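Participant: The structure that follows is given in the form of structure tokens.
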Amino acid sequence: MRIRIPINGIGVRAPGIENWKALQENPDYVIPRDPAPEQPKGVGQCLPATERRRATPVTRLALDLAMEATGERKTQDLSAVFCSSGGEVTVVHQIFSMLAEGDTALSPTAFHNSVHNAAAGYWSIASGSPYPADSLCAYDDSFGAGLAECCLRYAEGQRNLLLVAYDIPPPHPISLHRKIHNAVGGALLLGAEDTSPIAWLTLRYASSSEIEKTNTSGSPNSTAPAHHPGSAMMNLLMTIVQKKPTQLALPSGFGGMLHIKVEP
Amino acid sequence: MPRLAVEAMTLTNAFGPGCGPTLAGLQAGQSALTPGDFPGLEFETWIGRVPGIETHRLPSRLGDFDARNHRIIDLALAQDRFREKVSALTRRFGSDRIGVIIGTSTSGILETERAYRRRNPKDGPLPDDFRYRERQNTAAPAAFVQALLGITGPAWVLSTACSSSSKVFASAARLLQAGWCDAVIVGGADSLCLTTLYGFKALDLVATLPSRPMDQNREGISIGEGAGFMILTRAPDAEDGISLIGYGESSDAYHMSSPHPEGIGAARAIADGLQRAGLKPSEIDFTLLHGTGTRANDLSEDKAVIHTLGDKSACASIKGAIGHTLGAAGIMNAVVACLSIREGFSPGTAHLVTQDPEIHSKVLKQPQPLTAHHVLTNAFGFGGSNAVLLFGRSS
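For the protein sequence lines, the chains are X and F, in the order given. Going letter by letter, the first sequence gives residues 12 to 275 in this note's numbering. Going letter by letter, the second sequence gives residues 2 to 396 in this note's numbering.
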């Protein structure tokens with residue numbers, strides 16, 4: 012099945028990129044390979060003050076992305092899919108460090124902030140939406156898996172979908188084993204019925220054997236090897252920035268590809 | 002929604018490997034919880050520990066994945082002729098037409114906890130045998146299942162705390178309905194670790210005595226571990242005659258770790274599930290509760306059940322028997338729901354002595370014979386994440 016879905020809103024944060032407008036003004040932007048001196052930081056303005064104090068920096072970054080993509084639009088009717096490779100890497104490191112030193116008096120807030128769906132949970136509080144807020148992970152393919160999940164919900168008849176992809180550099184010593192040098196995130200408002208489209212995507216799933224068969228006959232090539240879980244998301248956003256109809260292939264989670272026709 | 006055939010199922014938990022020990026234990030009204038003897042656990046509680054998992058070995062080619070969570074997965078997949086069914090479906094459809102959608106909350110963090118104990122706490126690196134991608138990363142269980150079974154279709158992990166391995170069914174159903182897969186292996190796994198033991202302790206949600214869901218003297222959860230799996234296809238008639246017939250999802254939009262006191266989000270998920278299955282509340286023969294045994298969760302869930310199904314609809318919680326397996330709780334309930342339909346019984350609620358007078362649902366204490374056509378399962382998690390499943394006999 013092919014799924015044609017509109018993008019109705021975009022949010023993005025990366026080193027040197029404050030928002031979607033800034034990315035549009037940088038049509039040659041690439042995620043830096045080395046750690047940038049200035050990293051994007053989230054505020055979490057959409058949260059009630061008590062929750063904002065409790066939420067972690069990575070959760071606040073994810074929520075800022077969500078707010079940019081939704082803009083002035085209401086949020087109470089959104090279904091959300093949050094995707095991240097590392098999730099709450101900082102608080103998880105703090106818990107491991109405490110336990111390693113024999114300090115078992117964990118903070119209850121730190122514990123509930125450590126779940127992979129912390130950002131999704133805080134978002135549901137901030138948005139007031141009773142619709143599902145999913146949280147998923149497919150290592151470097153997390154964005155593709157999240158996009159697949161959103162599009163499958165759309166194909167099922169759901170509307171007003173929010174996709175948020177985010178990752179921040181893990182602290183030492185995990186950083187020695189997981190090279191994510193920069194905080195990068197993006198959010199897409201998809202399939203919203205009351206907001207004019209920025210672009211249209213037409214997606215289909217191509218299995219690995221199909222890719223092998225067709226790779227010689229001009230199917231879209233996969234982009235350069237990812238050096239960041241946000242690379243696939245950035246590739247998609249750059250095609251929209253450059254305003255050229257494009258065919259893209261994004262890894263969709265460990266197997267196969269999403270073949271995407273982008274119509275800005 | 003169109004029914005989706007349950008082509009195979011298996012689970013492993015404190016009762017032991019495979020459906021057999023769980024079935025026998027639940028039919029006898031037993032509990033597999035034991036006094037907490039987990040290394041590093043230094044407070045009084047009971048746990049649901051998978052027996053013998055410490056000596057279980059993964060195939061040597063998959064040594065990088067070696068983690069307690071993956072050992073439990075490997076043990077589970079070796080039961081109930083599950084791998085034979087995977088092989089048959091792989092021959093039929095091709096390995097790249099089979100998806101793998103797994104729920105977990107812990108992934109392999111126990112091994113990271115241990116690695117942190119072996120480093121210089123000030124600025125030391127982790128030991129050389131530490132593996133981030135294959136053990137700790139949230140996606141590791143999906144990668145492991147793919148590698149173990151030789152599956153190459155779409156794969157990801159859903160991690161929404163204790164609703165994770167119910168939510169996987171919704172994703173799988175959508176993959177099948179869109180024709181992006183011809184079969185999907187769904188499941189979940191969570192394993193004991195100090196982060197969850199001391200984390201839930203910090204929230205004052207861990208019981209000293211074995212967990213007593215719905216009891217007036219309940220004091221919290223007993224943490225368990227386990228893994229379970231099913232294979233779903235679009236086939237109209239399943240081998241065992243059991244199908245997934247609905248699922249429902251919602252968010253509380255209320256609090257990170259406390260359920261909505263009136264159970265509004267849970268009720269919404271149940272209503273969503275009933276609608277998708279095309280069933281009236283009176284057509285639910287039995288409900289496997291999330292039933293964690295905490296004061297707040299059980300009260301909230303009771304209100305949701307009363308609101309949607311009324312006070313005559315039989316229900317029970319298996320968490321007094323196997324503990325709260327967290328990210329695996331959804332698949333534990335799902336497999337037990339299908340066993341109930343297949344074997345014609347309903348489990349009871351182990352350790353429930355006197356039902357809380359504030360809880361008005363019809364909670365079964367003892368296992369009973371039951372001819373069930375439609376069984377509902379509940380799972381609710383941190384972040385106000387709610388997911389329910391409906392299973393039924395194929396017509």
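C-beta atoms are modelled at their ideal positions from N, C-alpha and C, and glycine is treated no differently. Since the structure is predicted, the reported quantities are computational estimates derived from the model, not experimental observations.
#1: Please confirm whether Q37 (chain F) and T23 (chain F) have their CB atoms less than 8 Å apart.
#2: From this set, F:T209, F:L327, F:Q367, F:F201, which residue's C-alpha is nearest A420 (chain F)'s C-alpha?
#3: What is the DSSP secondary structure of W31 (chain X), counted as helix, strand or coil?
#4: Determine the chain F residues that contact R170 (chain X) at a beta-carbon separation under 8 Å, and present them in chain order.
#5: Kindly indicate if chain F contains any beta-carbon less than 8 Å away from that of D178 (chain X).
#6: Output the boundary residues of the alpha helix (DSSP H) element that contains Y248 (chain F).
#7: Would you check whether the ligand GTP has a heavy atom nearer than 7 Å to the C-beta of G113 (chain X)?
#8: Going by beta carbon distance, what residues of the same chain come within less than 6 Å of A235 (chain X), once the five residues before and after it are set aside?
#9: Could you run through the segment 198 to 215 of chain F and flag, in chain order, every residue whose CB is less than 7 Å away from some CB of chain X?
#10: Can you tell which of X:A60, X:L76, X:R44 has the C-alpha that lies nearest to the C-alpha of L173 (chain X)?
#11: Using beta-carbon positions only, say whether N387 (chain F) and A267 (chain F) come within less than 8 Å of one another.
#12: Enumerate in chain order the residues of its own chain whose CB-to-CB distance from S362 (chain F) is below 7 Å, with the five nearest sequence positions on each side excluded.
#13: Along chain F, in chain order, which residues have C-beta atoms closer than 8 Å to that of H238 (chain X)?
#14: Kindly give me the distance between the Cβ atoms of A93 (chain F) and C182 (chain F), rounded to whole angstroms, as I take these residues to be in contact under 8 Å.
#15: Excluding the 5 residues preceding and the 5 following R63 (chain X) in the sequence, name in chain order all residues of the same chain whose CB lies nearer than 6 Å to its CB.
#16: Taking the alpha carbon of P182 (chain X) as the reference point, which residue from X:T101, X:A131, X:L200 has its own alpha carbon closest?
#17: Of the residues X:C162, X:A243, X:P26, which one's Cα is nearest the Cα of S90 (chain X)?
#18: Can you find the residues in the same chain that come closer than 7 Å, C-beta to C-beta, to I73 (chain F), ignoring five residues on each side of it along the sequence?
#19: Nearest CA to the CA of P18 (chain F): which residue from F:F83, F:S341, F:F66?
#20: In angstroms, rounded to a whole number, what distance separates the CA positions of H123 (chain X) and T11 (chain F)?
#21: Once DSSP output is grouped into helix, strand and coil, what is the label at N379 (chain F)?
#22: Going along the chain, which residues of its own chain have a beta-carbon closer than 6 Å to the beta-carbon of L214 (chain X), five neighbours each way excluded?
#23: Which chain X residues are close to G109 (chain F), counting only those with a beta carbon under 7 Å from its beta carbon?
#24: Between which two residues does the beta strand (DSSP E) containing W47 (chain F) stretch?
#25: Starting from C11 (chain X), follow the beta strand (DSSP E) in both directions and report where the run begins and ends.
#26: Determine the chain F residues that contact R189 (chain X) at a beta-carbon separation under 7 Å, and present them in chain order.
#27: In the DSSP assignment, what residue or residues form a beta bridge with S386 (chain F)?
#28: For G196 (chain X), return the contacting residues in chain F, with the cut-off set at a CB-CB distance below 9 Å.
#29: Are at least three pairs of beta-carbons, each pair with one atom in the segment 46 to 61 of chain X and one in the segment 105 to 118 of chain X, less than 8 Å apart?
#30: By how many angstroms is the C-alpha of V252 (chain X) removed from the C-alpha of F392 (chain F)?
#31: Are the C-beta of D8 (chain X) and some C-beta of chain F separated by less than 8 Å?
#32: Cutting at 8 Å between CB atoms, please list the residues of its own chain near S162 (chain F), excluding the five before and the five after it.
#33: Taking the beta carbon of L187 (chain X) as the centre, do at least 16 other beta carbons fall within 10 Å, making it buried, or is it exposed?
#34: What are the boundary residues of the beta strand (DSSP E) that includes G345 (chain F)?
#35: Just mark N232 (chain X) as buried or exposed, buried being the case when its beta carbon has 16 or more other beta carbons within 10 Å.
#36: For the candidate residues F:N379, F:H375, F:Q369, whose alpha-carbon lies nearest to that of A29 (chain F)?
Facilitator: This is what the structure gives:
#1: Here residue 37 (chain F) turns out to be Gly, not Gln, going by the sequence shown. Not in contact: G37 (chain F) and T23 (chain F) (Cβ atoms no closer than 8 Å).
#2: No information on residue 420 (chain F) is available, as it lies outside the stretch 2 to 396 that chain F covers here.
#3: DSSP places W31 (chain X) in helix when its eight states are reduced to three.
#4: Close to R170 (chain X), with beta-carbon spacing below 8 Å, lies no residue of chain F; the smallest spacing is near 15 Å.
#5: No, D178 (chain X) does not count as interfacial toward chain F.
#6: That residue, Y248 (chain F), is in no alpha helix (DSSP H); its beta strand (DSSP E) goes 243 to 252.
#7: The model on display carries no ligand, and the ligand GTP is accordingly not part of it.
#8: In this prediction, A235 (chain X) has a pLDDT of 49, which is less than 50 and means its spatial position is unreliable; what the coordinates show is noted afterwards. Correct list: empty, nothing qualifies.
#9: Cβ contacts with chain X come from Y199, G200, A203, L204.
#10: Among X:A60, X:L76, X:R44, the Cα nearest to that of L173 (chain X) belongs to X:L76.
#11: Contact: yes.
#12: Once the five neighbours on either side are set aside, the close Cβ partners of S362 (chain F) are D303, V306, I307, D312, C316.
#13: By Cβ distance, chain F contributes nothing, its closest Cβ being about 15 Å from H238 (chain X), past 8 Å.
#14: For the sequence presented, residue 93 (chain F) should be read as Arg rather than Ala. About 13 Å; that fails the 8 Å criterion.
#15: Answer for R63 (chain X): G55, listed in chain order.
#16: Measuring from the Cα of P182 (chain X), the nearest candidate turns out to be X:T101.
#17: Of all alpha-carbon atoms in X:C162, X:A243, X:P26, the one lying nearest the alpha-carbon of S90 (chain X) is that of X:C162.
#18: Same-chain partners within the cutoff: T13, V51, I54, A190, S192, E226, G227, A228.
#19: Among F:F83, F:S341, F:F66, the Cα nearest to that of P18 (chain F) is on F:F83.
#20: If I take the Cα positions, the gap works out to 30 Å.
#21: In the structure shown, the three-state DSSP call for N379 (chain F) is strand.
#22: Result list for L214 (chain X): I14, C162, L269, I271, in chain order.
#23: Ordered by position in chain X, no residue passes the 7 Å Cβ test against G109 (chain F), which lies about 12 Å from the chain.
#24: Start and end: 47 to 49.
#25: No information on residue 11 (chain X) is available, as it lies outside the stretch 12 to 275 that chain X covers here.
#26: Simply Y133.
#27: Its beta-bridge partners are F:S252, F:G382.
#28: The premise fails here: G196 (chain X) is roughly 17 Å from chain F at the closest Cβ pair, so nothing lies under 9 Å.
#29: These segments do not touch.
#30: One Cα belongs to F392 (chain F), the other to V252 (chain X), and the distance between them is close to 46 Å.
#31: Since the first residue shown for chain X is 12 and the last is 275, residue 8 (chain X) is missing from the structure and cannot be characterised.
#32: Rather than Ser, the amino acid found at residue 162 (chain F) in this sequence is Ala. Within the same chain, A162 (chain F) has close Cβ partners S106, L327, G328, G382, F383, G384, S386.
#33: Exposed: under 16 other Cβ atoms inside 10 Å.
#34: Segment: none, G345 (chain F) is in no beta strand (DSSP E) and carries neither H nor E.
#35: For N232 (chain X), the predicted structure reports a pLDDT of 42, less than 50, and the residue's modelled location is therefore unreliable. A value from the coordinates is still provided. Result: exposed.
#36: It is F:Q369 whose Cα lies nearest to the Cα of A29 (chain F).
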